[in-house]
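Engineer:
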Amino acid sequence: MTNIWLPPVEYVETLPRATAYACLYFTDTGGRPFQLRASDRTELWQWPGGNMDPGETPWETALRECHEETGLVFTGTPRLLGTHFVTDRGEEWPANHIGFIFDGGELTDEQIAAVVLDPDEHSEYGVRSLEEWEREMHPSEFARLAEIDRARRTGSTVYVETGAVT
Numbered sequence: 004m005t006n007i008w009l010p011p012v013e014y015v016e017t018l019p020r021a022t023a024y025a026c027l028y029f030t031d032t033g034g035r036p037f038q039l040r041a042s043d044r045t046e047l048w049q050w051p052g053g054n055m056d057p058g059e060t061p062w063e064t065a066l067r068e069c070h071e072e073t074g075l076v077f078t079g080t081p082r083l084l085g086t087h088f089v090t091d092r093g094e095e096w097p098a099n100h101i102g103f104i105f106d107g108g109e110l111t112d113e114q115i116a117a118v119v120l121d122p123d124e125h126s127e128y129g130v131r132s133l134e135e136w137e138r139e140m141h142p143s144e145f146a147r148l149a150e151i152d153r154a155r156r157t158g159s160t161v162y163v164e165t166g167a168v169t
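First residue of the sequence shown: 4, per the working numbering; consecutive thereafter.
1. To the nearest angstrom, how far is the alpha carbon of Thr-90 from that of Thr-78?
2. Can you say whether Thr-169 is buried or exposed, counting buried as having 16 or more other CB atoms within 10 angstroms of its CB?
3. With distances taken Cα to Cα, identify the nearest neighbour of Ile-101 among Glu-164, Phe-145, Pro-57, Pro-51.
4. List, from N- to C-terminal side, the alpha helix (DSSP H) runs of 4 residues or more that fit wholly inside the region 41-120.
5. How is the alpha helix (DSSP H) around Thr-157 delimited, first residue to last?
6. Which of the three DSSP states, helix, strand or coil, is assigned to Pro-122?
7. Pull the bridge partners of Tyr-128 from the DSSP assignment, please.
8. Please classify Thr-169: does DSSP put it in a helix, a strand, or coil?
9. Can you tell me whether DSSP reads Leu-27 as helix, strand or coil?
10. What do you get for Arg-156, buried or exposed, if any count of 16 or more other CB atoms within 10 angstroms of its CB means buried?
11. Can you tell me which residues form a DSSP beta bridge with Arg-164?
12. Decide if Asp-106 is buried, meaning its Cβ has at least 16 other Cβ atoms within 10 Å, or exposed.
13. Thinking C-alpha only, which one of Ala-116, Pro-19, Ala-146 is nearest Trp-48?
14. Apart from the five residues on each side of it in sequence, which residues of its chain come closer than 6 angstroms, Cβ to Cβ, to Arg-20?
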């Protein structure tokens, strides 16, 4: 193939498509992960977050979605714990899906008790140990949780690939 310069608008059309999400990873003061149960897929537990809107940065998305989904206003600074990549799977999900998981820190018992869920999006929240989450979650979803938790505890950043959009 010859190298032909394309104007940016044409070049972008040749690239793989992707959607992107961003979220905040919280634990309680005992280090137990905090997650939300999706209303439309009761087997799915997820962190406060969602898909990016046009013109938004991942950090802005994480803050907006956290507030919309829990009522919590996070005022901390951005610290990326990891990225999550899901490949294009054709008609099932015709784009790559890329996630940015930021550290939300610890929630106090009072903050957790003040969470207000949007019932159209989430039916409940949970705070459990990793061992408890492992018994309740799909293995690939739990692997992502365990990697993000490890990144938080070690001060590192992780890259996670899975085969399901979560």
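Note that beta-carbon positions come from the ideal geometry of N, C-alpha and C, so glycine has one too. None of these values were measured; they are calculated from a predicted model.
Structural biologist: Considering the structure as presented:
1. As a position in the sequence shown, residue 90 is number 87, starting the count at 1. As a position in the sequence shown, residue 78 is number 75, starting the count at 1. The straight-line gap from Cα to Cα measures roughly 32 angstroms.
2. Within the sequence shown, residue 169 is the residue found at index 166, counting from 1. At Thr-169 the pLDDT is 43, less than 50, meaning the model places this residue with poor confidence; the figure from the coordinates comes in the next sentence. That one is buried.
3. Within the sequence shown, residue 101 is the residue found at index 98, counting from 1. Comparing Cα positions, the closest option is Glu-164.
4. The DSSP assignment places complete alpha helix (DSSP H) segments of no fewer than 4 residues inside the region 41-120 at 61-73, 112-116, in order along the chain.
5. Locating residue 157 in the sequence shown gives position 154, counting from the first residue. In this chain, the alpha helix (DSSP H) harbouring Thr-157 covers 142-157.
6. Start at 1 with the first residue of the sequence shown, and residue 122 comes out as number 119. Under the three-state reduction of DSSP output, Pro-122 falls in the coil class, being neither helix nor strand.
7. For this step, residue 128 is matched to residue 125 along the sequence shown. Tyr-128 pairs with Leu-39.
8. Translated into the one-based positions of the sequence shown, residue 169 becomes position 166. Residue confidence for Thr-169 is low, a pLDDT of 43 falling below 50, so the modelled location carries little weight and cannot support an answer.
9. Taking the first residue of the sequence shown as position 1, residue 27 is located at position 24. Taken through DSSP and simplified to helix, strand or coil, Leu-27 comes out as strand.
10. Translated into the one-based positions of the sequence shown, residue 156 becomes position 153. Its Cβ having fewer than 16 others within 10 Å, Arg-156 is exposed.
11. In the sequence shown, the residue the question calls residue 164 occupies position 161. Checking the displayed sequence, the identity of residue 164 turns out to be Glu instead of Arg. Paired residues: Phe-88.
12. For the purposes of this step, residue 106 is taken as the residue at position 103 of the sequence shown. Asp-106 comes out buried.
13. Taking the sequence shown and counting its residues from 1, the one referred to as residue 48 is at position 45. Of the listed residues, the one whose Cα sits closest to Trp-48 is Ala-146.
14. Your numbering for residue 20 matches position 17 in the sequence shown. Closer than 6 angstroms at the Cβ level, and outside the excluded window around Arg-20, lie Ala-98.
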